[in-house]
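Read left to right, the first sequence gives residues 15 to 272 (the working numbering).
Worksheet: the structure to be examined is printed underneath.
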Amino acid sequence: MKVATWNINGIKARHDRLRAWLSAHEPDVLCLQEIKSIDEAFPGEVFESLGYRLATYGQKGYNGVALFSRHPLEDVTRGFEDGEDDEQARFIGATVMADRPFRVMSAYCPNGGSLDSDKYPYKLAWYDRMLRFLDKKRTAWGDAVLMGDFNVAPADIDVHDPEAWCGQVSCTAAERQRWEGIGALGMREIFREMHPDDSSYTWWDYRQLGFPKNKGMRIDHIFTTQNLADRVTACYIDRQERKGKKPSDHAPVVAEFD
DNA sequence: ATGTCTCAGGGACTGAGA
Numbered sequence: 015m016k017v018a019t020w021n022i023n024g025i026k027a028r029h030d031r032l033r034a035w036l037s038a039h040e041p042d043v044l045c046l047q048e049i050k051s052i053d054e055a056f057p058g059e060v061f062e063s064l065g066y067r068l069a070t071y072g073q074k075g076y077n078g079v080a081l082f083s084r085h086p087l088e089d090v091t092r093g094f095e096d097g098e099d100d101e102q103a104r105f106i107g108a109t110v111m112a113d114r115p116f117r118v119m120s121a122y123c124p125n126g127g128s129l130d131s132d133k134y135p136y137k138l139a140w141y142d143r144m145l146r147f148l149d150k151k152r153t154a155w156g157d158a159v160l161m162g163d164f165n166v167a168p169a170d171i172d173v174h175d176p177e178a179w180c181g182q183v184s185c186t187a188a189e190r191q192r193w194e195g196i197g198a199l200g201m202r203e204i205f206r207e208m209h210p211d212d213s214s215y216t217w218w219d220y221r222q223l224g225f226p227k228n229k230g231m232r233i234d235h236i237f238t239t240q241n242l243a244d245r246v247t248a249c250y251i252d253r254q255e256r257k258g259k260k261p262s263d264h265a266p267v268v269a270e271f272d
């Protein structure tokens, strides 16, 4: 089973690149973030013709998440269903009906802006809502994969310049504590587990020659529940996709398990 | 140089968000 996550930064601007990537890598399941499209305008036929079933949760202009699967998707949920008034489309889940079914979730965690903006407390509160949601659902779901753009660099090894970033948004103690809360709920972050000392990144700023200078951060992650984590055979970042014409500012992250 | 992108609105460019 091959699963992947990619912040695509606009499906309209990137569907050709995505189609080529899917043809080359053939993941069973893909989570997208920042589709920046309403559901009605999502170019689904392109991907259905490659054999994928789609579930999208979009909004106009910003944010938006999607699930692609070569196996049927059941019981799609959008948002956290907690009654909060939140118009931002950032979380979608579904059950992948493979031989051994599992729950999959695509998360686009808030960026947070700067420490003094109102986007920062929104980010922290959003994480708390996600943690409550995961806690409430985890026994019912069994095996699960949670993937996405978490907008948190969990440790200094995940940041090109920890001195400069320490205490800034994506690297504060409050954010890292919440990110670690996912692990406290029994999920394991696969890339770091497979590569304990690798300081690879998943995102590089378009500005200031971020990618050529490798000034990036590892903020896109794949978490799985215990049983799946024990069956993982590989986890890697596809840096190639950050190259060439009109890349996203994020590279895909891929995991394989038996 | 806040040095690059995407998208929306409105029909060339500006603003927002990342």
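The beta carbon of each residue, even a glycine, is placed where N, CA and C say it ideally should be.
Since the model is a prediction, treat every value here as computed from it, not as a measurement.
Host alpha helix (DSSP H) of residue i (start-end)
i	result
residue 142	133–155
residue 163	Note, residue 163: premise wrong, no alpha helix (DSSP H); beta strand (DSSP E) at 158–163.
residue 50	Neither: residue 50 is in no alpha helix (DSSP H) and is coded neither H nor E.
residue 184	Segment: none, residue 184 is in no alpha helix (DSSP H) and carries neither H nor E.
residue 26	25–39
Own chain partners of residue i with C-beta closer than 6 Å, once the 5 adjacent residues on each side are dropped
i	result
residue 123	164 and 165
residue 33	60
residue 70	53, 56 and 80
Where residue i sits in the DSSP three-state scheme
i	result
residue 254	helix
residue 174	coil
residue 265	coil
residue 189	helix
Start and end residues, beta strand (DSSP E) containing residue i
i	result
residue 167	Neither: residue 167 is in no beta strand (DSSP E) and is coded neither H nor E.
residue 18	16–21
residue 45	43–47
Contacts around residue i, its chain only, beta-carbon distance under 7 Å, and the 5 residues preceding and following it disregarded
i	result
residue 136	124
residue 232	167, 172, 214, 215 and 216
residue 190	166 and 168
Nonlocal neighbours in the same chain, by C-beta distance under 8 Å from residue i, ignoring five residues either side
i	result
residue 199	145, 148, 149 and 152
Those runs of the beta strand (DSSP E) which lie wholly inside the stretch 191–251 and span at least 3 residues:
Counting whole runs of 3 or more residues, the stretch 191–251 contains the beta strand (DSSP E) stretches 201–203, 234–239 and 246–251.
At 3 residues or longer, what runs of the beta strand (DSSP E) sit wholly inside the stretch 53–140?
For the stretch 53–140, the full-length beta strand (DSSP E) segments reaching 3 residues or more read 67–71, 79–83, 87–92, 105–110 and 116–122 along the chain.
Any 3 or more C-beta pairs closer than 8 Å across the stretch 136–151 and the stretch 35–46
Contact check between the stretch 136–151 and the stretch 35–46: fewer than three CB pairs, one atom from each, fall below 8 Å, which does not count as touching.
Taking three-plus beta-carbon pairs below 8 Å as touching, is the stretch 199–217 in contact with the stretch 231–249?
They touch, by the three-pair rule.
Quick check: the stretch 254–272 against the stretch 18–30, are at least 3 beta-carbon pairs closer than 8 Å?
Taking one beta carbon from each stretch, the stretch 18–30 and the stretch 254–272 have 3 or more pairs nearer than 8 Å; the two touch.
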